[in-house]
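Q: Before I ask anything, here is the structure I am working with.
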Amino acid sequence: MIMFSNFISTIELHYFYIIERLQGDSRLAILYYTKKILFLLTSLYQLVLVGRFLGFSNTLWGFDSINQLRNGQTWEKTGIFPRVTMCDFQIRNIAGPPKTFTIQCVLMANMINEKIFLGMYCWICILLAITIVNLFQWWNNLSNSSNRVKYIYNALIAGHSIRKIEAEAKPEYDQAQEFTEFMTVDGVLIFRLMEINSSCLISNDVLYEVFRIHFGLFDEQKQKEREQEEQKNDDR
């Protein structure tokens, strides 16, 4: 009874943690994780669905078929995608009822079907493995605070080198930590997706501009430009 109550308490803690995150700074990240998990479940369901469609109760029928083919076992032993079966047909008889005959039929289409379904099975398994690896990569990139700060810091350094503003010093690591807290997990997710879907040059440039606005560097630059413009006008 005590173990059950502890289990319920653990579930409640995780539930309130997720609700708090959804109301806080990780809403987009949790939705993105949910999308990845749905992709994972879809791939698993496709494996099961193909197996049920072919009449196999074992989800690993594809690996079993490949191993059997590698070991030289033909369909006579495995029973998978048979090449030969018995066919019944009837011939009309004018003098009496139709007669039923049974002959051996060759199913040449199963040679092609075997390759098609095994290829489909391997492709779904590859997609499943890629989805799992990608899910853990995103989890490591977003859930680990040091990885978030490291990504923001490297992006800010790259953005500073792109802008080539000599009057501004390079961003410090402490500033990157503070800026990462300001960006939150969702902000890091947005800029990582921007980098994947466009390029690191664009994402780093935009991120550095947001950094300048956040720390007032943008306003300082505009103020200096106004002062220089006023000084030029006075000299004239």
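The numbering used here puts the first residue of the sequence shown at 879, with every later residue one more than the last.
Glycine is no exception: its CB is placed at the ideal position from the N, C-alpha and C atoms.
This structure is a prediction, so every number in the text was calculated from the model and none was measured.
Is it buried or exposed for R859, if we count other Cβ within 10 angstroms and need 16 for buried?
A: Any answer about residue 859 is impossible in this case: the structure gives the chain only from 879 up to 1114.
Q: Going by DSSP in three states, M986 sits in which element: helix, strand or coil?
A: Position 108 of the sequence shown, counting from 1, holds the residue named residue 986. Coil at M986, not helix or strand.
Q: Measuring CB to CB, does F1069 end up less than 8 Å from S1077?
A: As a position in the sequence shown, residue 1069 is number 191, starting the count at 1. As a position in the sequence shown, residue 1077 is number 199, starting the count at 1. For F1069 and S1077, no; Cβs fall outside 8 Å.
Q: Using C-beta distances below 8 Å, list every residue in its chain close to N1012, excluding the 5 sequence neighbours before and after it, in chain order.
A: Counting from one through the sequence shown, the residue named residue 1012 turns up at place 134. For N1012, where only same-chain residues beyond five positions count, the Cβ hits under 8 Å are K914.
Q: Among F1060, F941 and G1094, which one has its Cα closest to the Cα of F995?
A: Translated into positions along the sequence shown, residue 995 becomes position 117. Ranking F1060, F941 and G1094 by Cα distance to F995 puts F941 first.
Q: Using DSSP bridges, identify the partner residues of F967.
A: Sequence index remark: in the sequence shown, residue 967 carries index 89 (1-based). Note: F967 sits in a beta bridge opposite F979.
Q: Please return the same chain residues whose Cβ sits closer than 7 Å to the Cβ of Q901, not counting the five positions on each side in sequence.
A: Looking up residue 901 in the sequence shown gives position 23. Bear in mind that the predicted position of Q901 carries a pLDDT of just 45, short of 50, making it unreliable; the figure below should be weighed with that in mind. Correct list: empty, nothing qualifies.
Q: Can you tell me the Cα-Cα spacing of I1030 and D1064, whole angstroms?
A: Start at 1 with the first residue of the sequence shown, and residue 1030 comes out as number 152. Start at 1 with the first residue of the sequence shown, and residue 1064 comes out as number 186. Rounded to whole angstroms, I1030 to D1064 spans 13 Å at the Cα level.
Q: Are N988 and R961 closer than 8 Å when you measure CB to CB?
A: One-based indexing of the sequence shown puts residue 988 at position 110. One-based indexing of the sequence shown puts residue 961 at position 83. N988 is a Cβ neighbour of R961, given a cutoff of 8 Å.
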